[in-house]
Amino acid sequence: MFSFRLITTASPWLILACLAAGALYAWLLYSKKTPWPKALNYGLAGLRFMVVSILCFLLMGPLVRYVANTTVPPTIVFALDNSQSVKLFSDSTALQATQQELQLVRDQLEAQGYQTAVQTLGGNQTESINTITYTSETSNLSQLLEQVQNGYSDQNLAGVVLLSDGIVNQGLSPTYSNFGFTIYPVAVGDTVPKKDIMIASLRYNKVNYSGNRFPMEVEVQHEGFGGRTVNVILQENGKTLASKRVLLKEGQPVQQVPFQVLASGLGKRHYVVRIEPLQGEFTTLNNTKHAYIDVVKGKIKVLLAAAAPHPDIKAIRTAIESNENYETALFIPGVNEFQVQDYDVAVLHQLPGRMAGAESALNLVRQKNLPALYILGPQSDLANFNRLNIGLNVISSGQTDEVSAVPNSNFSNFHLPEQAAERMQEYPPARVPFGEIRLAANTETILYQQVGRVRTTKPLLTLQTSGDKRNAVLLASGTWQWRLHEAANHEQPQVYNQLITNLVQLLSAPRNKKRLNVYPSQTEYTTSDEIRFNAEAYNEALEPIYGQNITLTITDEDEQPRNFTFANGENQTGVNIGTLPGGRYTYTATATITGKQQKDQGEFVVEELQLEALNAVADHNLLFQLANNSGASLYFPGEMRQLEQDILQADHKSIIYSQEEQNEVIDLKWLFFLLLGLISIEWFVRKYNGSY
């Protein structure tokens, strides 16, 4: 429905004055004797009357208000839980019949003026309920209902018909949320417990060190097999590593079965734990679980040496050891003895210093050519520091300045959390040498200095890359206050810890000189994830180049290859290979760059979720609570006619949305052409009839 109204900013009585002005003008112009007939004279006077009256009316600044009314009928969304458990543990004939009856309900609602839509887990929409396939590997009913609520927030959402077995294995229970619409649950599945044995969960460390034994705890759950004995087997690559006979106890449905596994070799390892089936089991789909671990060499050793005791030492050491892959050894002259070990990286606090005693640590760093993080402070010997040639020279008279930290957005060797810039602005100022700072060409800035509210181009934290080695310099002392302040205000000093650990990791890792670098965006996926590979290509100067044709070969544990070909681009640097079955995969990428064959390789894992086979018992109580919370009833297959009647009897109303718009009449284009037409007609007629 559409309507409009004319509004004037002055008194409506002035319209009479506009008409009078038009009439007076027309009388003065056409009251004289004319060479054309009287009837034509009256017509021309009428045209002039209309033009002058309209022009006078426009001087009053009139407005026109448009009101558009839109009627939105009520919408019913059919939200279908298309998870695997619905199909696995429901009678297939009854489930298909329920889908057909729901489709008839939908057709009847549309015939009564309702709008309808069908949505499944993951936010996918479909045209027909009859075409739904139950393939989702997880059940997140809360997310499904929230997606419906958000997707139809600007529409007249009257209710949601939820077809589900009530099983939730991801996200929060939907009973804890308040939805602004009526939920009509349709319960499928079986609530009668089945005789079954399953592996409910595996507990193990995802990262383990080569040569060490690590624990793997298997949680075995059973129903109706008390007093029976089962065989739990641990395998790798089809070879049995260990097995245990377990007595399933009456009244104890969950039992723990521990294994000690030797982490051999390096890289991704795939272990399979399975229970040999017993006669009478409802399903054997949940008798197997997979474990994927990353076997790495021993912990990275970090030498933490300081000229003297300082609160920074404790803060940096705690940050480094927040990553379980690092261990530190502390050396402070006069406090403890220097231990010669096979260190991977060094952190040197105010070294070289003005006082003697730390030469052993500095000599080891030079002899072993260790990458190091140098932290400057009042005890630093700047002259000796400048002679190290580690990316910058500091020329200072000994004065200091108080500065804040600002991340360099162009630094890409590692990324800090999104809130890093905001939290760093909250950090207390740190002291840095005041003077001239000269950066070498092979040095990047990670953090800039900010003095008060003025952001400068002076570096606060730098990274030098020289050949295969990297060194970093932090010009600030007193950064222990940063960690303390962040922990006090945000519970965890996430930004500080990640800054230090990322820096140590970058220093300890050898510089990548590969001219072809192809890698998955994640090292671990699930069977429902789409797998994406990124690709980078470099010329002989290690400058990025684009448009290189890359061949990617993915090989599974059965040595079956999958081949993909793509080109790396400046804005689109990788390829999406879709989903893969669970397992450990290796990949090889090749490309011809400037006439030479380049190669890269690696591995990744795809985990099988198997969540849908764990619980064979439907949770209709959850569905009843959802219905009760929204003032509806719970429906079962065969009660679809009642569902239809209840929705219609609820008498959900249409909503009328009104949209109002005001415009000045003088801005109407058609009015300009109307006036132009009237004036043109008058002028043409006068000229044609001999106007003087």
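For the sequence shown, this note's numbering gives the first residue as 17, with consecutive numbering after it. Note that beta-carbon positions come from the ideal geometry of N, C-alpha and C, so glycine has one too. Keep in mind it's a predicted model, so treat the numbers as computed, not measured.
Quiz item: When the distance is taken between beta carbons, is Thr207 closer than 8 Å to His636?
Solution: Cβ distance < 8 Å, so His636 and Thr207 count as in contact.
Quiz item: By how many angstroms is the C-alpha of Gly242 removed from the C-alpha of Ala345?
Solution: Taking the Cα positions, Ala345 is about 53 Å away from Gly242.
Quiz item: Taking the continuous alpha helix (DSSP H) assigned at Ile148, which residues delimit it?
Solution: Counting along the chain, Ile148 falls outside any alpha helix (DSSP H), and DSSP gives it neither H nor E.
Practice problem: Leaving aside the five residues before and after Asp662 along the sequence, list all residues of the same chain whose C-beta is less than 8 Å from its C-beta, in chain order. | Solution: Correct list, in chain order: Tyr200, Ala648, Ser649.
Exercise. Give the straight-line distance between the Cα atoms of Tyr82 and Lys685, rounded to the nearest whole angstrom.
Key: Our two residues, Tyr82 and Lys685, have alpha carbons roughly 16 Å apart in a direct line.
Exercise. From the DSSP output, read off the bridge partner residues of Asp616.
Key: According to DSSP, which records beta bridges pairwise, Asp616 is partnered with Ala605.
Self-check item: Ranges of the beta strand (DSSP E) found wholly within the segment 153-232, counting only runs of at least 3
Solution: Taking only runs of at least 3 residues, the beta strand (DSSP E) segments lying wholly in the segment 153-232 are 173-180, 198-203, 212-219, 223-225.
Quiz item: Hey, which unbroken runs of the alpha helix (DSSP H) at 4 residues or more fall wholly within the segment 317-364?
Solution: Segments of the alpha helix (DSSP H) lying fully in the segment 317-364: 327-337.
Self-check item: Between the CA atoms of Phe652 and Lys305 - distance to the nearest angstrom
Solution: Near 34 Å, if we compare the C-alpha coordinates of Phe652 and Lys305.
Quiz item: Should Ile92 and Gly175 be called a contact, given that it needs their Cβ atoms to be closer than 8 Å?
Solution: Yes, Cβ-Cβ distance for Ile92 and Gly175 is below 8 Å.
Quiz item: Per DSSP, what kind of secondary structure is Thr132 in: helix, strand or coil?
Solution: Taken through DSSP and simplified to helix, strand or coil, Thr132 comes out as strand.
Exercise. Please name the residue in Gly654, Gln678, Leu218 whose C-alpha comes closest to that of Leu113.
Key: Note that residue 113 is Ala in the sequence shown, not Leu. Ranking the options by Cα distance to Ala113, first place goes to Gly654.
Quiz item: Which residue from Thr608, Gly594, Leu596, Leu35 puts its Cα closest to that of Asn584?
Solution: Comparing Cα positions, the closest option is Thr608.
Quiz item: Which residue's Cα is closest to the Cα of Val246: Tyr220, Ile213, Asn224, Gln276?
Solution: Val246 has its Cα closest to that of Ile213, out of Tyr220, Ile213, Asn224, Gln276.
Quiz prompt | Euclidean distance between Cα positions of Ile516 and Pro509 | solution = Rounded to the nearest angstrom, the gap between the Cα atoms of Ile516 and Pro509 is 11 Å.
Exercise. Would you give the residue range spanned by the beta strand (DSSP E) that Gly451 belongs to?
Key: Here the beta strand (DSSP E) through Gly451 covers 446-455.
Quiz item: Leaving out five residues before and five after Gln480 in sequence, what residues of the same chain have Cβ atoms less than 7 Å from its Cβ?
Solution: For Gln480, same chain residues with a beta-carbon under 7 Å away, outside a window of 5 residues either side, are Ile406, Gly407, Ala456, Asn458, Thr459, Arg486, Asn487 in chain order.
Self-check item: Span of the alpha helix (DSSP H) around Glu660
Solution: Segment 656-665, the alpha helix (DSSP H) holding Glu660.
Exercise. Hey, could you find the ends of the beta strand (DSSP E) Tyr41 is sitting in?
Key: Here Tyr41 belongs to no beta strand (DSSP E); instead the alpha helix (DSSP H) covers 30-46.
Quiz item: Going by C-alpha distance, which of Thr334, Glu337, Ala321 is nearest Val381?
Solution: If we check each option's Cα against that of Val381, Ala321 comes out closest.
Quiz item: Thinking C-beta only, is Asn579 closer than 8 Å to Thr569?
Solution: A contact, by the Cβ cut-off of 8 Å.
Quiz item: Beta-carbon separation of Lys148 and Thr142 under 8 Å?
Solution: The sequence shown places Ile at residue 148, not Lys. Between Ile148 and Thr142, the C-beta spacing is below 8 Å.
Quiz item: Val511 lies in the alpha helix (DSSP H); which residues open and close that run?
Solution: 510-524 is the extent of the alpha helix (DSSP H) around Val511.
Practice problem: Go ahead and pull the three-state DSSP assignment for Asn645. | Solution: DSSP places Asn645 in helix when its eight states are reduced to three.
Quiz item: When burial is assigned at 16 or more other CB atoms within 10 Å of the CB, is Glu575 buried or exposed?
Solution: Exposed.
Self-check item: Straight-line gap, Gly563 to Ala503 (C-alpha atoms, nearest Å)
Solution: C-alpha separation (whole angstroms): 46 Å.
Practice problem: Indicate whether at least one CB of chain C lies closer than 8 Å to the CB of Gln613. | Solution: Absent from the structure: chain C. Only one protein chain is present.
Quiz item: Any idea if Pro53 is buried or exposed, counting beta-carbon neighbours within 10 angstroms, 16 or more meaning buried?
Solution: Taking all protein chains in view, the Cβ of Pro53 is surrounded by fewer than 16 other Cβ atoms within 10 Å, so the residue is classified as exposed.
Quiz item: Any idea what DSSP makes of Thr478, helix, strand or coil?
Solution: Judged by DSSP in its simplified three-state form, Thr478 adopts strand.
Quiz item: Which value, in whole angstroms, describes the spacing of the CA atoms of Ile31 and Asn85?
Solution: Rounded to the nearest angstrom, the two C-alpha atoms are 30 Å apart.
Practice problem: State whether the segment 285-292 contacts the segment 316-331, with contact taken as three or more CB pairs (one from each stretch) at a distance under 8 Å. | Solution: Judged by Cβ distances under 8 Å, the segment 285-292 makes no contact with the segment 316-331, as fewer than three pairs qualify.
Quiz item: In the DSSP assignment, what residue or residues form a beta bridge with Ser493?
Solution: Note: Ser493 sits in a beta bridge opposite Arg447.
Quiz item: Among Gln441, Gln276, Asn409, Thr610, which one has its Cα closest to the Cα of Glu556?
Solution: Taking only the C-alpha atoms, the option nearest Glu556 is Thr610.
Quiz item: How many angstroms separate the CA atom of Asn57 from the CA atom of Ser69?
Solution: Taking the straight line joining both Cα atoms gives about 18 Å.
Quiz item: Would DSSP call Glu8 helix, strand or coil?
Solution: Residue 8 cannot be examined here, being either before or after the span of the chain that is shown, 17 to 708.
Quiz prompt | Of the residues Lys530, Arg471, Pro445, the one placed nearest Trp496, counting alpha carbons only | solution = That would be Pro445, whose Cα lies nearest to the Cα of Trp496.
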